[in-house]
Structure formats: C-alpha cells, structure tokens
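The block underneath contains the structure these notes are about, expressed in structure tokens.
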Amino acid sequence: MRIRAFIIALAVAAAVVAASPAYAQGKLNVVTSTEDLGSIAREVGGDKVSVTALAKGYQDPHFVEPKPSFILAVSRANLYIAIGRELEIGWLPPLLNSSRNAKIQPGANGYLDASQNVRILEIPTTQITRAMGDVHPSGNPHYWLEPGNGRRIAQAVRDKLSELSPANKAFFAQRYDDFDARLAAAEKRWDATMAPYKGTKIVTYHRSWPNFMERFGLEVMGYVEPKPGIPPSPSHTIELIADMKAQGAKLIVVEPYFDLKTPQAIANQVPGAKVVVLAPSVGGEKQVTDYLQLFDYDLNLLSTALKQVTGK
Amino acid sequence: MRASYLVVLGLIASVLLGGARPASAQTSEVEALRQEIDALRARLVALEAKVAGAQAAAPSAAAPALPIYGTSSAASKIFNPDIAVIGDFLGAAGRNRVNPSPALEMHEAEASFQAVVDPYARADFFLAFGEEGVEIEEGYLTFGTLPGGLLAKIGKLRAPFGKVNTLHNHALPWSDRPIATNNLVNGEEGIGDAGISVARLIPNPWIFLEATGQVSRGDSGELFRSSRRGDLSYVGRVRGYQDLSESTNVDLGASYARGHNTAGIVNDEDVGRFVTDLWGVDATLRWRPLRRAIYNSFIGRSELLWSRRDQFGGREKAFGYYVSGDYQFGRRWFAGARYDRSERADDASLRDDGGSLLLTYWPSEFSQVRGQYRRTSYAGGENANEFLFQFMFSIGAHGAHPF
Numbered sequence: 332m333r334i335r336a337f338i339i340a341l342a343v344a345a346a347v348v349a350a351s352p353a354y355a356q357g358k359l360n361v362v363t364s365t366e367d368l369g370s371i372a373r374e375v376g377g378d379k380v381s382v383t384a385l386a387k388g389y390q391d392p393h394f395v396e397p398k399p400s401f402i403l404a405v406s407r408a409n410l411y412i413a414i415g416r417e418l419e420i421g422w423l424p425p426l427l428n429s430s431r432n433a434k435i436q437p438g439a440n441g442y443l444d445a446s447q448n449v450r451i452l453e454i455p456t457t458q459i460t461r462a463m464g465d466v467h468p469s470g471n472p473h474y475w476l477e478p479g480n481g482r483r484i485a486q487a488v489r490d491k492l493s494e495l496s497p498a499n500k501a502f503f504a505q506r507y508d509d510f511d512a513r514l515a516a517a518e519k520r521w522d523a524t525m526a527p528y529k530g531t532k533i534v535t536y537h538r539s540w541p542n543f544m545e546r547f548g549l550e551v552m553g554y555v556e557p558k559p560g561i562p563p564s565p566s567h568t569i570e571l572i573a574d575m576k577a578q579g580a581k582l583i584v585v586e587p588y589f590d591l592k593t594p595q596a597i598a599n600q601v602p603g604a605k606v607v608v609l610a611p612s613v614g615g616e617k618q619v620t621d622y623l624q625l626f627d628y629d630l631n632l633l634s635t636a637l638k639q640v641t642g643k
Numbered sequence: 027m028r029a030s031y032l033v034v035l036g037l038i039a040s041v042l043l044g045g046a047r048p049a050s051a052q053t054s055e056v057e058a059l060r061q062e063i064d065a066l067r068a069r070l071v072a073l074e075a076k077v078a079g080a081q082a083a084a085p086s087a088a089a090p091a092l093p094i095y096g097t098s099s100a101a102s103k104i105f106n107p108d109i110a111v112i113g114d115f116l117g118a119a120g121r122n123r124v125n126p127s128p129a130l131e132m133h134e135a136e137a138s139f140q141a142v143v144d145p146y147a148r149a150d151f152f153l154a155f156g157e158e159g160v161e162i163e164e165g166y167l168t169f170g171t172l173p174g175g176l177l178a179k180i181g182k183l184r185a186p187f188g189k190v191n192t193l194h195n196h197a198l199p200w201s202d203r204p205i206a207t208n209n210l211v212n213g214e215e216g217i218g219d220a221g222i223s224v225a226r227l228i229p230n231p232w233i234f235l236e237a238t239g240q241v242s243r244g245d246s247g248e249l250f251r252s253s254r255r256g257d258l259s260y261v262g263r264v265r266g267y268q269d270l271s272e273s274t275n276v277d278l279g280a281s282y283a284r285g286h287n288t289a290g291i292v293n294d295e296d297v298g299r300f301v302t303d304l305w306g307v308d309a310t311l312r313w314r315p316l317r318r319a320i321y322n323s324f325i326g327r328s329e330l331l332w333s334r335r336d337q338f339g340g341r342e343k344a345f346g347y348y349v350s351g352d353y354q355f356g357r358r359w360f361a362g363a364r365y366d367r368s369e370r371a372d373d374a375s376l377r378d379d380g381g382s383l384l385l386t387y388w389p390s391e392f393s394q395v396r397g398q399y400r401r402t403s404y405a406g407g408e409n410a411n412e413f414l415f416q417f418m419f420s421i422g423a424h425g426a427h428p429f
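Top to bottom, those sequences are chains X and U. Position 70 of the first sequence, counting from 1, maps to 401 under our numbering, and the rest follow consecutively. Position 318 of the second sequence, counting from 1, maps to 344 under our numbering, and the rest follow consecutively.
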C-alpha cells in the first residue's frame, strides 16, 4: 500500500518533469539586479539579449523583497549580472538558491559580479563592526554612479556576452564601441556643466554618491544619516546643521526612496540651503530610461540647484 | 604630474624665447609649439586614463581576499561558513493559570552555519540552544540544480506545512505562535524531523506555482510518533504566488500531512496503530509601495487547519484558524493584531480562543523589541490576560530578509 503510494508519487513527479517546456533559445536571457545594469546590458547586447531588471530604480536596492516572481525570472536566465559588494546580501542569495538554475550560480559561467573591474571607494582598511551602522565590508556598492565605472561594467558585459554567445562577438564589440563613444561625448558635456562648481561642499542622505561626487568634483561633507542605514537622529541633525553653516554647505542630495522631512528641516535651518532629489538609478524618475539619461537628469538638476545656492 | 610640469616649463621657455624673435617667425613657431603641446596633452590624458584603469584593476586582484584580517593565514577562513547567532529573550507578565510561561527567559539562541558544500550542494545548519539544551532546529543539504528543475533537501527539516510551520521563531511576526498551530500542528517544534523533501516549479503561463513533497521518519513531538520503521510521515504542499501590482502580491497554499499519532500507544507499544491527517489552507496578502518600501508595508495572513485524528474513541475532527495583520507605519515601527480560534486535536469539544495586539520597534536591521498584549479564553472557562515582551538581536553574517 505504502510502496504503491510512493510509486504513484514518483510517477506523478516524473510526468511533471517530462512536461517541462524548453525555453526559446534565440536570445540570451539576461537578468540584472538593478535597472542600471539592465540598461548597460541593453546597450551592449542590443537585440541579441532580452533583459529583465529586478529592482526598480526608485526603490532602495538594499531592501528588495525576494519575491517568487523573481525566482521565475532568475530560473530562466542565461546570465545574471549582480552589483556585488554585498548590496544584494539580503535578497539575492535566496533567489539564486531557489532558482534551480546551475548556469547563474556564483562561480558559474552565467554569473557576472559587475563590481570586479570597477573603481570601488570606501573599502574599509581597519576592523569594522556594526557599531558603525550597516557598513559594506568590501567597499561602497554604489559605484555605478560614475561614467568611468559604467564603461568598465560595459566592458565586462561585452566580454561575458561574447563568451556566452561567441557568434555575436563582433556585434557586441561594435555595440560597446558605440556606447563608449556616446559616453565619452556626453562626459565632455557633463564636465563642462559641472566645471563652475568644483570643490563645492554638499550633504547627501545616504552614502550613495561617493563615486558620483568625486567624478564631478563635489565634496561630500556630511550625511543626513548618522551612520549608514541608521535613520536620522535629532543630535546628529543638530550637529550637521552646525557643520553645514560652518563649512558653507548649502545643498542636500536625497534619494527618491527616503523621507524628505528631515532633509527639509535641515535646509530650513541653514540659510539659503536647498534639497534636491536625484535619481540614484535608471528608472529612478520616469524620464530616466537609460544610463546616459541618468547623468543628464541628475547633472541638470544638480547644476541648476548649485547655481541657485552658490550664485555661480 | 611630472609630465605636466615639463609642459608648463616648455610653455614658459617658449614664451620667453619667443619674445626676442620677429613676429612672423614667432607666430608659426607658436603654432608648432601649440601643436606639440596638444599632442603632449593628448598623450598625458591617455596615460592618466591608463593609470586610472590600473588603479581600478588593482583592488579587483585582491578583491576575494579578506580586507579586514589581511594576513596570509586568513585565506583559509574564506571557506568558513557564514555564522550568525540570533538571541530571543522573552518576558511575560499578567495571569495565566493554564499555560504559564516564565517571567523572564532566554528562550533561544539560534546559531546558524551556512555554506556551499561543493559544486552540487549547499548546507544550512540551525542549532537552537534553549533552556532545555541544544537541538538541531534544522540541518540539511540542498541540491539546488538537479535535472528537471528539482530542488531537493535532505536532513532535519521543518516541513512545508502551511506558513508558520516553516518559520523559525525569530522570523515570526509575533512573540508566540497561534493557538491553532499549538493545538493542531505541534506548536513551536512543529512538523519537523529527519527526511527528504523535493520541490519543483510547475511551469505555466500564469502564476508562480510550486509543489513540494516531503517524506520524514514520522516523529514530531506529540503529533506524529513512529513505532515501526515503516511509520513514515508525509507532507505535501502546493503554493501559488501572483503579483497583483508592483506593490501588492498574494500567496496561497494548500498543505496535507499524514503520520502515525500517539493515541494508540499503550505501555510504549503502538497497539492502536492510529494515524492523523492534517489539512491546511493559507493565504498571505502583502503590500509594500516600492518608493516608500522602507517606511510602509502591510502583511495580512491567515491559516485554516483541519485535523482528523484516529483514537480509541473514534475519529476526532478538529478545526482551527488564525487571522493576523501587521502594518508598518514608520521606518522602525510595526503594529499588529491577531485573532485565534482552535479546537483541540484530541477533543474537539474543547475550544480555545484568543486575541493579541502587538507593537514592534526596530532599533536597526539587527535588533528588535516587541510588546504583545494577549487575551486567551481557554476551554473550560479559564481566561488569561498577559503582557508578553521580546528582545531579539542578531550578530554575525547578514541573513536574508524574510519573505
């Protein structure tokens, strides 16, 4: 009786296995952690890839929910591109573990950690503890907000796609060259926009912007968060207001997924200060639909705001 | 840097020298120099880019090494499993004469060890250190990439019966467990023993659908007891999930479990050979607006449980359920409520009811303080009014956020 039940269960399982469909082979299925990586994968892969980005540009990429619908997407992927540096530590491991997809496990051919060839800032050089807040032990993971790193990510994507689909190697190389040229031209434009504000001191909410601010010559003198991942506290806010007054910082940059109450209160206490909400990722605002537009959008807002607060 | 000095020196020299020359020769020479400077400048830019590239590449070579310890012997530590310990401290005040819990209790310290075993499997151990000793809460090997899209687990497992049964204490939205699971599904221990589970996604064009089957030895506290090698217990579950929008989703499940119970055991011998069948239906509705995901969310959940327990008096049919809702109203604040009602598995004429109100505060992602007011009306007319509180804290590797 029990044995028969077991055999029936096995037979049902076998039938279910046999019914599994073969997915379309034409395009490479690329799944990325964020829309920034998705945009770069689209730039390089063109119509030879089909790209799905899991986290939306307007959500906090540290706190994405590992939804079962994501498991489905990851289970069909030929290539997974992650931000790495523990940005996705809270949600990517369960997705990969439940994906039943050997191709995209860390260490396999179809897993690309985009942080491997880029310039990473804030790598801790001393002992770190969680008393310092939610620190990332292998450096700041918000590295995509710098065009040079965007270029390096695109190179890694080009090489990886060529490895997975050697027949299209020349196609990916040509797409990369085109992206590289457009990025270089845009960088000239962006540098010119930001040139007048070199060395201006600003404040950001979270440590999302070190690469961005370094690239465009702004100096981050403080954060609205007392420590990474720790919500604003009254004592820290008072200190920050005093620091901003002392150092002449008048701009507070906030990500769209943070509450504006505290930044606004700080700006009200510092004469002439302003809050500006920048898009930290592609998709962070409706009009930011690709990697180049991300900088166009942010630098436009930033330079307009800087013009108002500095009078330059 | 040095190159730019040379360029500047060259410029100054050319201006000084050029001052003594006739105007026409001067312009052409200046032109030539300018071209040369432009050429040098281009080379400088190229060199700078190369240096920047080399600097960027440098950390990547050292990236897998541990940045903190940094000695050569530290390299072997990289294969150590991810280790974390979660402390669960409970307190209770008020009156409960039926099922009193201690005033203060270090209820559990759960140590987890998780790592990849080899290219084929990973292992997860959860050891619970409580006041009664140490227990393997779970310890299993997962084969995640088997042919046919199967996901197999082997070891001691919490069975996939409903929602609450699979959750460890620290992942619960309450400081206790619902009356229905206490009365019908072996309470805190739940259905969980040594076994093999196999799960598969069922491909279909509409929703996420997963079927799981588990065979276990058949020992789960007072619920299932195996007296012979063949007295295995079986658990099956089908789970469906669908995104209703980017911020709202629904999770539905149906579960079944069967195993030999303890009703027929007389003097350590299973003379009755009785079995218990359990049926469960669960539903979870989640809402989390992505733009404000760290500030606001809601989770509503409910489980309905039916028990069919054979015993000497015949078959006892018991039913129980709970309904609960948790609303996050700030980055660190959650308010919740739960309603409980359940008959007892061995005597369905006895029914317990209860209700709870909860407030939870998160100092950070790694600690949590919770207060719970609980009122219980036990079968037989006894009432209990209690205030429960809980401190939870976690150290070590960053675990996955529960979903």
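Each residue gets a CB set at the ideal place from its N, CA and C atoms; glycine is no exception. Remember, predicted model here, so these are calculated numbers, not experimental data.
7 Å Cβ cut-off: residues of chain U touching residue i
i	result
X/A413	Neighbours of X/A413 on chain U: none; closest Cβ ~14 Å, over 7 Å.
X/D391	A319, I320
X/P472	Correct list: empty, because the minimum Cβ distance to chain U is about 13 Å.
Residues bridged to residue i (per DSSP)
i	result
U/H286	U/V301
X/T535	X/Y554, X/V584
U/K182	U/G165, U/A220
X/K605	X/L582
U/N409	U/S403
U/G120	U/E412
U/T274	U/W313
U/A237	U/R226, U/V264
U/S281	U/R263, U/G306
U/F152	U/S138, U/E164
Within 7 Å, strictly: CB atoms of residue i and residue j
i	j	result
U/G247	U/S281	no
U/G362	U/D378	no
X/G553	X/L571	yes
X/R407	X/N360	yes
U/A185	U/Q240	yes
U/Q354	U/S323	yes
Cut-off 6 Å between Cβ atoms - residues of its own chain near residue i, not counting five sequence neighbours on either side
i	result
X/T524	L630, S634
U/Y267	F234, D277
U/V349	S328, Y365
U/S138	A110, F152
U/N411	G120, R401
X/D627	none
U/S259	S242, G244, F250, G285
Exposure label - residue i; buried when at least 16 CB within 10 Å
i	result
U/I94	Unreliable positioning characterises U/I94 in this predicted model, as indicated by a pLDDT of 49, which lies under 50. The coordinate reading is nonetheless provided below. Exposed.
U/L359	With the sequence shown as reference, residue 359 of chain U is identified as Trp, and Leu is not the correct amino acid for it. Answer is exposed; the Cβ neighbour count stays below 16.
X/Y411	buried
U/A68	exposed
U/N230	exposed
X/N432	buried
U/A49	At U/A49, the pLDDT of 47 sits below 50, so the modelled position is not reliable and the matter cannot be decided from this model.
X/N542	buried
X/K643	exposed
U/S242	buried
X/Q618	exposed
Cβ shell of residue i (< 8 Å), same chain only, five flanking positions each side left out
i	result
X/Q639	K605
U/L316	E272, S273
Proximity test, residue i beta-carbon vs the ligand HEM heavy atom, cut-off 6 Å
i	result
X/L410	In the structure shown, the ligand HEM is absent, as is every other ligand, since no ligand is present at all.
Cβ shell of residue i (< 7 Å), same chain only, five flanking positions each side left out
i	result
X/I371	G481, I484, A485, V488, Y622
X/P559	G464, D465, V466, H537, R538
U/I180	Y166, L167, I222
U/P107	F139, Q140, A141
Residue i: contacting residues in chain X (beta-carbon distance under 8 Å)
i	result
U/R10	This structure leaves residue 10 of chain U out entirely; chain U is present only between 27 and 429.
U/H427	F394, E396, P397, G421, W422
U/L227	I402, L403, S406, R431
U/D269	K398, S400
Contacts of residue i in chain X (Cβ-Cβ under 7 Å)
i	result
U/G170	N428, R431
U/N275	K398
Neighbouring residues, chain U, relative to residue i (Cβ below 8 Å)
i	result
X/I371	Within 8 Å Cβ-Cβ: nothing; X/I371 doesn't reach chain U, min ~16 Å.
X/P587	R317
### Positions along the segment 361–385 of chain U whose CB lies within less than 9 Å of some CB in chain A
Note that chain A does not occur in the displayed structure, where the protein chains are X and U.
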